[in-house]
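What follows is a set of notes on a single structure, which appears directly below.
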Amino acid sequence: MTSLLKDYKNKLIKTVGATIKAYRMIEPGDSVIVGVSGGPDSVALLHIILSLAQQFSLRVGVAHLNHSLRQKDSDDDAEFVESLARKFDLPCYIKKEDVSKYRHEKKLSLEEAARIVRYRFFESVAEKYMFNKIALGHNAEDNAELVIMRLLRGSGPLGISGIPPVRNGKIIRPLIKLTKSELLEFLAVNELKFVLDKSNNDQRYLRNRIRHHLIPH
């Protein structure tokens with residue numbers, strides 16, 4: 004790696020470290036379970052957390068929920084995450100859930116059903132295996148998308164606050180100040196592999212329409 008690329012990597016990691024300290028996301032000795040879908044944001048998050056693990060004396064694990072929404076692609080994503088965790092000798096917790104079935108039972112949107120099932124899984128892993136922090140890969144553009152989506156749905160001032168960097172002192176979002184392009188560049192600089200969820204291009208979902216038509220790239 005050239006000195007220029009190394010400087011970029013270090014700068015980005017320092018930015019995340021500063022965000023962690025500013026919001027008191029992590030304390031020395033914490034146990035952090037990282038939610039990893041296999042996509043670019045969560046893969047970048049895992050590598051950045053590992054880069055900071057020694058500084059914060061962290062115990063790190065990986066959690067992945069297979070939503071069973073994309074058949075073989077979903078299974079392939081789970082295998083990718085498992086191999087990534089194995090590469091770093093990290094404990095890896097994977098569960099397969101029928102999110103579509105849950106959605107119909109509870110009469111929810113697919114996105115809401117997936118979110119509920121996913122967070123419930125992360126919380127259960129954290130409790131069972133004694134992780135006191137759950138790290139998720141939401142970035143600055145995810146935050147902007149949520150605000151716009153709530154505005155379009157008619158939320159009042161209290162409903163457009165966006166994604167909190169820390170929730171309940173347990174769920175943390177260290178990448179919340181970074182853009183998608185910064186994360187993709189970090190992955191490219193470090194030659195890190197990730198998977199792509201084709202459903203992110205499905206224009207039937209409001210969030211995807213906002214992402215592709217309203218958020219600048």
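Mapping to my numbering: the sequence shown position 143 is 146, numbers consecutive.
Glycine included, every Cβ here is placed at the ideal spot set by N, Cα and C.
Bridge partner(s) assigned by DSSP for residue i
i, result
"ARG123", "For ARG123, which the question treats as bridged, DSSP gives no partner whatsoever."
"HIS67", "ILE97"
"LEU38", "Reading the sequence as shown, one finds Gly at residue 38 and not Leu. According to DSSP, which records beta bridges pairwise, GLY38 is partnered with ALA66."
"LYS136", "VAL35"
"VAL169", "ILE175"
As assigned by DSSP and simplified to three states, the class of residue i
i, result
"ILE179", "coil"
"ARG89", "helix"
"GLN74", "coil"
Contact under 7 Å by Cβ, residue i with residue j
i, j, result
"PRO43", "LEU187", "yes"
"VAL198", "ASP80", "yes"
"HIS141", "ILE119", "no"
"VAL39", "VAL65", "yes"
"LYS222", "VAL192", "Here the chain covers residues 4 to 220 and nothing more, so residue 222 does not appear."
"SER127", "ASP101", "no"
Same chain, Cβ closer than 8 Å to residue i, neighbours up to 5 away in sequence not counted
i, result
"ILE52", "VAL35, VAL37, LEU61, VAL63, ALA138, PRO177"
"TYR26", "PRO168, VAL169, ILE175"
Closest by C-alpha distance to residue i, when choosing among the options
i, options, result
"SER54", "THR18, GLY41, GLU85", "THR18"
"PHE134", "ILE166, TYR96, ARG73, ARG106", "TYR96"
"LYS180", "THR22, LYS14, LYS12, ASP10", "THR22"
"ARG170", "GLU100, MET28, ARG106", "MET28"
"PRO94", "GLU194, ASN13, ALA129", "ALA129"
"LYS99", "SER77, PHE91, ARG106", "SER77"
Contact with chain B by residue i, beta-carbon distance below 7 Å
i, result
"ALA116", "You won't find chain B in this structure, because it holds only one protein chain."
Beta-carbon proximity list for residue i, same chain, < 7 Å, skipping 5 on both sides
i, result
"LYS109", "ALA116"
Sequence-distant residues of the same chain with beta carbon closer than 6 Å to residue i, five excluded per side
i, result
"VAL84", "VAL39, GLY41, HIS67"
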